[in-house]
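Written out below as C-alpha coordinates is the structure these notes cover.
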Amino acid sequence: MAGRLDELEDELVHIFVGPERKKFSVHKNLICRYEDFFKAALQDNGFKEGAENKMDLPEDKPYIFQEFVNWMYAAQVESLQISTEEAEHTRDLAIIEL
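Under our numbering, the first residue of the sequence shown carries the number 1388, and numbering increases by one thereafter.
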(Lines of atoms letter the chains of each structure in order from A and count residues from 1; the text may use other names and numbers.)
(Lines give C-alpha, C1' and ligand atoms only; values in the text may rest on other atoms or scores of the structure.)
Protein backbone atom coordinates (compact mmCIF):
# COMPACT_ATOMS: atom_id res chain seq x y z
CA MET A 1 0.00 0.00 0.00
CA ALA A 2 2.78 2.45 0.81
CA GLY A 3 4.12 2.05 -2.72
CA ARG A 4 0.90 3.34 -4.23
CA LEU A 5 0.65 6.26 -1.83
CA ASP A 6 4.29 7.25 -2.34
CA GLU A 7 3.64 7.72 -6.07
CA LEU A 8 0.68 10.10 -5.75
CA GLU A 9 0.91 13.50 -7.37
CA ASP A 10 -0.93 16.64 -6.30
CA GLU A 11 -3.32 16.87 -9.27
CA LEU A 12 -6.86 15.70 -8.52
CA VAL A 13 -9.69 14.88 -10.88
CA HIS A 14 -13.35 15.20 -9.88
CA ILE A 15 -15.65 12.44 -11.06
CA PHE A 16 -19.41 12.77 -10.71
CA VAL A 17 -21.12 9.37 -10.59
CA GLY A 18 -24.75 8.37 -11.05
CA PRO A 19 -27.82 10.48 -11.71
CA GLU A 20 -27.37 12.13 -8.31
CA ARG A 21 -23.80 13.15 -9.35
CA LYS A 22 -21.98 11.91 -6.24
CA LYS A 23 -18.57 13.58 -6.30
CA PHE A 24 -15.34 11.59 -6.03
CA SER A 25 -12.01 13.42 -5.98
CA VAL A 26 -9.12 11.12 -6.85
CA HIS A 27 -5.50 11.52 -7.83
CA LYS A 28 -5.33 11.85 -11.59
CA ASN A 29 -2.12 9.88 -12.06
CA LEU A 30 -3.49 6.98 -10.00
CA ILE A 31 -6.80 6.56 -11.83
CA CYS A 32 -5.06 6.91 -15.20
CA ARG A 33 -2.53 4.24 -14.25
CA TYR A 34 -5.15 1.65 -13.34
CA GLU A 35 -7.82 2.23 -15.99
CA ASP A 36 -7.23 2.94 -19.70
CA PHE A 37 -10.70 4.49 -20.07
CA PHE A 38 -9.77 7.29 -17.66
CA LYS A 39 -6.27 7.57 -19.10
CA ALA A 40 -7.70 8.24 -22.57
CA ALA A 41 -10.34 10.71 -21.36
CA LEU A 42 -8.29 12.64 -18.81
CA GLN A 43 -5.00 13.18 -20.60
CA ASP A 44 -4.32 16.62 -21.99
CA ASN A 45 -5.32 15.68 -25.54
CA GLY A 46 -8.13 18.05 -26.38
CA PHE A 47 -10.95 16.32 -24.50
CA LYS A 48 -12.92 18.63 -22.24
CA GLU A 49 -12.56 16.17 -19.34
CA GLY A 50 -8.77 16.34 -19.46
CA ALA A 51 -8.67 20.12 -19.68
CA GLU A 52 -11.11 20.62 -16.79
CA ASN A 53 -10.14 17.59 -14.67
CA LYS A 54 -13.84 16.76 -14.37
CA MET A 55 -15.79 13.80 -15.65
CA ASP A 56 -19.42 12.69 -15.50
CA LEU A 57 -20.43 9.02 -15.26
CA PRO A 58 -24.24 9.35 -15.04
CA GLU A 59 -24.94 5.70 -15.87
CA ASP A 60 -22.67 4.22 -13.20
CA LYS A 61 -23.50 3.35 -9.61
CA PRO A 62 -21.71 5.36 -6.90
CA TYR A 63 -21.27 2.37 -4.58
CA ILE A 64 -19.49 0.42 -7.32
CA PHE A 65 -17.25 3.38 -8.17
CA GLN A 66 -16.48 3.71 -4.44
CA GLU A 67 -15.21 0.12 -4.47
CA PHE A 68 -12.97 0.95 -7.43
CA VAL A 69 -11.57 3.92 -5.50
CA ASN A 70 -11.01 1.71 -2.43
CA TRP A 71 -9.14 -0.78 -4.59
CA MET A 72 -6.95 1.92 -6.16
CA TYR A 73 -5.90 3.42 -2.84
CA ALA A 74 -5.91 0.42 -0.49
CA ALA A 75 -5.72 -2.64 -2.78
CA GLN A 76 -8.86 -4.09 -1.23
CA VAL A 77 -12.47 -4.56 -2.23
CA GLU A 78 -15.31 -4.94 0.22
CA SER A 79 -18.10 -7.41 -0.37
CA LEU A 80 -20.64 -5.71 -2.62
CA GLN A 81 -24.26 -5.93 -1.60
CA ILE A 82 -26.55 -5.72 -4.63
CA SER A 83 -30.29 -5.99 -4.88
CA THR A 84 -32.04 -8.98 -6.40
CA GLU A 85 -33.27 -6.75 -9.22
CA GLU A 86 -29.71 -5.67 -10.09
CA ALA A 87 -28.47 -9.27 -9.94
CA GLU A 88 -31.24 -10.40 -12.29
CA HIS A 89 -30.53 -7.53 -14.68
CA THR A 90 -26.82 -8.44 -14.74
CA ARG A 91 -27.68 -12.09 -15.38
CA ASP A 92 -30.00 -11.11 -18.24
CA LEU A 93 -27.27 -8.97 -19.83
CA ALA A 94 -24.80 -11.85 -19.58
CA ILE A 95 -27.28 -14.19 -21.29
CA ILE A 96 -27.87 -11.67 -24.09
CA GLU A 97 -24.10 -11.43 -24.70
CA LEU A 98 -23.87 -15.20 -25.16
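Idealized CB from N, CA, C, for every residue including glycine.
Report task. Check residue 1417 in the structure and name its three-state DSSP category. Result -> Taking the sequence shown and counting its residues from 1, one reaches residue 1417 at position 30. Correct three-state label for residue 1417: helix.
Report task. May I ask you to list the residues that DSSP assigns as paired with residue 1399? Result -> Reading the sequence shown from its first residue, position 12 is the one you call residue 1399. Answer is 1414.
Query raised in the report: Which of the three DSSP states, helix, strand or coil, is assigned to residue 1409?
Result: Residue numbering aside, residue 1409 sits at position 22 when the sequence shown is read from its first letter. The DSSP-derived three-state label of residue 1409 is strand.
Report task. Locate the beta strand (DSSP E) running through residue 1441, then write down its first and last residues. Result -> Here residue 1441 refers to the residue found at position 54 when the sequence shown is read from its first residue. Secondary structure note for residue 1441: its beta strand (DSSP E) is the uninterrupted segment 1441-1444.
Query raised in the report: So, is residue 1410 buried or exposed, given that buried needs 16 or more other C-beta atoms within 10 angstroms?
Result: Here residue 1410 is taken as the residue at index 23 of the sequence shown, counted from 1. Around the beta carbon of residue 1410, fewer than 16 other beta carbons lie within 10 angstroms, which makes this residue exposed.
Requested in this report: Pull up the DSSP beta-bridge partners for residue 1404, would you.
Outcome: What you label residue 1404 is simply residue 17 of the sequence shown in a count that begins at 1. 1409 and 1444.
Query raised in the report: How do the segment 1426-1439 and the segment 1448-1460 stand: do at least 3 beta-carbon pairs fall below 8 Å, yes or no?
Result: In short, these stretches do not touch, since the Cβ pair count stays below three.
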